[in-house]
Amino acid sequence: MKLLVTGGAGFIGSEFVRQAVEKSLETVVVDKLTYAGDLERLSDIEDQIKFYKADITNREFIEHIFKTEKPDIVVHWAAESHVDRSILDASPFIDANVRGTQVLLDVSKENDINLFINIATDEVYGELGEDGQFYEDTPLIPNSPYSASKAAADMLGRAYHRTYGLPLITVRPSNNYGWWQYPEKLIPVVILKALNNEPIPVYGTGENIREWLFVSDCAEAVFKIIEKGKTGEIYNVGSGEERRNIDVVKSILNILGKPEDLITFVKDRLGHDFRYSLNTDKIEKEIGWKAKVRFEEGVEMTVKWYLDNMQWVDKKLKYLKNYWEKVYG
Ligand code: NAD
Numbered sequence: 211m212k213l214l215v216t217g218g219a220g221f222i223g224s225e226f227v228r229q230a231v232e233k234s235l236e237t238v239v240v241d242k243l244t245y246a247g248d249l250e251r252l253s254d255i256e257d258q259i260k261f262y263k264a265d266i267t268n269r270e271f272i273e274h275i276f277k278t279e280k281p282d283i284v285v286h287w288a289a290e291s292h293v294d295r296s297i298l299d300a301s302p303f304i305d306a307n308v309r310g311t312q313v314l315l316d317v318s319k320e321n322d323i324n325l326f327i328n329i330a331t332d333e334v335y336g337e338l339g340e341d342g343q344f345y346e347d348t349p350l351i352p353n354s355p356y357s358a359s360k361a362a363a364d365m366l367g368r369a370y371h372r373t374y375g376l377p378l379i380t381v382r383p384s385n386n387y388g389w390w391q392y393p394e395k396l397i398p399v400v401i402l403k404a405l406n407n408e409p410i411p412v413y414g415t416g417e418n419i420r421e422w423l424f425v426s427d428c429a430e431a432v433f434k435i436i437e438k439g440k441t442g443e444i445y446n447v448g449s450g451e452e453r454r455n456i457d458v459v460k461s462i463l464n465i466l467g468k469p470e471d472l473i474t475f476v477k478d479r480l481g482h483d484f485r486y487s488l489n490t491d492k493i494e495k496e497i498g499w500k501a502k503v504r505f506e507e508g509v510e511m512t513v514k515w516y517l518d519n520m521q522w523v524d525k526k527l528k529y530l531k532n533y534w535e536k537v538y539g
């Protein structure tokens, strides 16, 4: 079984590639290496994979890769992935997430692959209030340019299955965290700001709730879905570990022994979704998968990883200072 993994130099994609190598699966990684992609994430396994630096919107090159590699399974993680950046400029999100997905679907259809795993997100469902959950058949009502572009990609996948019979499964994971996450997302931002005793920006009043899924759990779920999932189906991948942003920040400060007065509330994100929560009965019953890592354990492992890998983070920080200024003011 040969895997073609898009976005394999990204945060979750690289964890998936590492697990594929551990399972001795032949793995081809296709990644454009945007600001968020980094081959350093794969440096310990670089001689065990094949890598193409390629933009998934480049049909000619993608066709060439498929003809050369003849993959059996495509696992499509590549995307512009950060909501705040999509609010600053939606264009790269339409290019990569919508057009890029369409190219991959077309080329997969023409090359008779056995399975296409289309990675979506819980954000396609829109937002919840204090109560309720998203089920796989909940209508999609995305609220940010990012989630709208992911919903378009999600629906394109569905359409290619229905129209052309492309063997495709849609996966909708909740908020991931863990090692190697680019320090623009909440948890690494808090760790790095706290370590430098800098004000920690928290949107609004910090009441927004996310469901935190440890990155290794997310990758494991996708392998289980490859093994046991049914084509044409959608699977939510959540952890049940819902936390308010403010409580996430306080947990990290507590682990680092830093004072809570570093917390600084900043102007809320435009269109900020209040809460996401996935119902995971389907994946538990049909696939036999359940998240293993509890939030308190995962956040400890994450903090430790950043402390041990500050040389990687330092390389990102120079560029990020300008970005943080733009987003948090
Ligand atoms: P990431 O931003 O860390 O990685 C994305 C990768 O895709 C990078 O390596 C980047 O170089 C690559 N890429 C971007 N545009 C490309 C293009 N045009 N051609 C080829 N490669 C390109 O993202 P992530 O957090 O690892 O997320 C991976 C996937 O999982 C995305 O599809 C995202 O929408 C989805 N997802 C993420 C989360 C989360 O919490 N991080 C939750 C649910 C779903």
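Per this note's numbering, the sequence shown starts with residue 211, numbered consecutively. Glycine included, every Cβ here is placed at the ideal spot set by N, Cα and C. Bear in mind the structure is a predicted one, so any value in this text is a computation, not a measurement.
For residue i, the residue or residues it bridges with in DSSP
i	result
I410	I473
E421	E452
P393	Partner(s): none; P393 has no beta bridge.
D241	K263
E236	K212
T380	N328, I444
I283	L213, L325
L298	According to DSSP, L298 bridges with nothing at all.
Under the three-state DSSP convention, the category residue i falls into
i	result
I327	strand
Y387	strand
L488	strand
D248	coil
R479	coil
N268	coil
V537	helix
A429	helix
A289	coil
N532	helix
N307	helix
A230	helix
A219	coil
K277	helix
K468	coil
Own chain residues within Cβ distance below 7 Å of residue i, not counting five before or after
i	result
F303	E290, S296, P355, Y356, S359
T512	Y387, G388, W389, I397
N324	D282, I283, P377
A404	I410, I462, L463, L466, K468, L472
G539	V476, K477
E443	I379
Own chain, CB closer than 6 Å to residue i, minus 5 neighbours either side, in chain order
i	result
K438	I497
K212	E236, P281, D282
L402	P393
A362	V308
Contact set for residue i: own chain, Cβ-Cβ below 8 Å, skip 5 residues either direction
i	result
T267	D305, A306, R309, G310, V313
V317	R269, I272, E273, F276
V523	P393, P398, L402, Y516
L252	G218, A219, S224, V227, R228, V239, I259, F261
K526	Y392, P393
G450	E421, T490, A501
G339	F484, R485
E279	K212, L214, V238, K260
G342	S487
Residue-level contact to chain C via CB, residue i, 8 Å cutoff
i	result
I351	In the structure shown, chain C cannot be found, because there is only a single protein chain.
Any beta strand (DSSP E) of 3 or more consecutive residues that is wholly inside the region 327-374 | Complete beta strand (DSSP E) runs here, min 3: none at all.
Can you check the region 493-524 for any alpha helix (DSSP H) of at least 4 residues that lies completely inside it and give the ranges in chain order?
-> Whole alpha helix (DSSP H) segments, 4+ residues: 505-518.
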